[in-house]
Amino acid sequence: MKIAVFNGSPRKENTYAMVQAFCEGAEAAGHEVEVYHVGQMKIAGCLGCGYCHGKGEGNCIQKDDLEKIMPAYREADMIVFASPIYYFTMTAQMQAAIQRMYCIWKPLKAKKYALLLSSGSPNVYDGTIAQFEAMMNFSKIDNAGIITAHGDENKSEEKLNEIREFAKGL
Ligand SMILES: Cc1cc2nc3c(=O)[nH]c(=O)nc-3n(C[C@H](O)[C@H](O)[C@H](O)COP(=O)(O)O)c2cc1C
0 MKIAVFNGSP RKENTYAMVQ AFCEGAEAAG HEVEVYHVGQ MKIAGCLGCG YCHGKGEGNC
60 IQKDDLEKIM PAYREADMIV FASPIYYFTM TAQMQAAIQR MYCIWKPLKA KKYALLLSSG
120 SPNVYDGTIA QFEAMMNFSK IDNAGIITAH GDENKSEEKL NEIREFAKGL
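Residue numbers (numbering that gives the first Met the number 0): 0 to 169.
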């Protein structure tokens with residue numbers, strides 16, 4: 000399976016460690032994995048101009064790093080959204096990457112989504128999980144799994160192993 004991982008963190012710390020563990024497991028299982036560090040990209044918010052659904056024919060009028068992630072929306076069999084929690088949601092960079100998908104409405108091939116979330120505190124995931132579930136429902140995409148890490152769980156061998164095993168089982 001061709002798996003695209005979107006890493007919404009601007010840092011190479013907790014979420015990055017989750018992404019690395021996911022890649023190790025998925026690659027061990029023979030999947031082809033591509034990581035997109037959207038947290039470090041320059042992807043502006045959608046302008047809502049409608050150009051993409053008219054003259055643009057599926058292409059956005061804004062020319063920025065969106066072009067780097069469009070191959071994932073077009074070709075991946077599975078997309079993993081990995082992000083730290085910022086004020087009870089995924090990072091602004093990740094939200095921009097998701098909302099700019101508007102130009103093609105939904106991933107063209109993906110059949111599965113997964114979610115990896117890192118936070119300081121527990122019990123801060125409800126809003127993100129609700130968004131994730133609504134996105135899957137809208138796009139007719141299955142939930143492959145949700146893994147969260149808060150506080151000391153971040154970068155813990157136990158949590159990273161859980162992620163490796165999850166990815167190996169895909
Ligand atoms: C702007 C900002 C907002 C945050 N908001 C929350 C929050 O609402 N709840 C929480 O538990 N942690 C919050 N955190 C902490 C991060 O989610 C946490 O440190 C996470 O592990 C960072 O992941 P990273 O190392 O990949 O950047 C916030 C951190 C920042 C920088």
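Cβ coordinates follow ideal geometry from the N, Cα and C atoms, glycine included.
- For G144, the uninterrupted beta strand (DSSP E) segment begins and ends at 141 to 149.
- If the five residues before and after M135 are omitted, its C-beta is found closer than 6 Å to the C-beta atoms of Y112, N142, all from its own chain and listed in chain order.
- Straight-line measurement puts the Cα of L107 at about 11 Å from the Cα of I78.
- Relative to C48, the option among M89, A133, C102, Y124 whose CA is nearest is C102.
- For L115, no alpha helix (DSSP H) encloses it; the enclosing beta strand (DSSP E) starts and ends at 111 to 118.
- Closest option to R99, judged by alpha-carbon separation, among L65, M40, S120, D76: L65.
- At the C-beta level, I162 and A20 come within 7 Å of one another.
- For P83, there is no enclosing alpha helix (DSSP H); the residue is found in the beta strand (DSSP E) stretching over 77 to 83.
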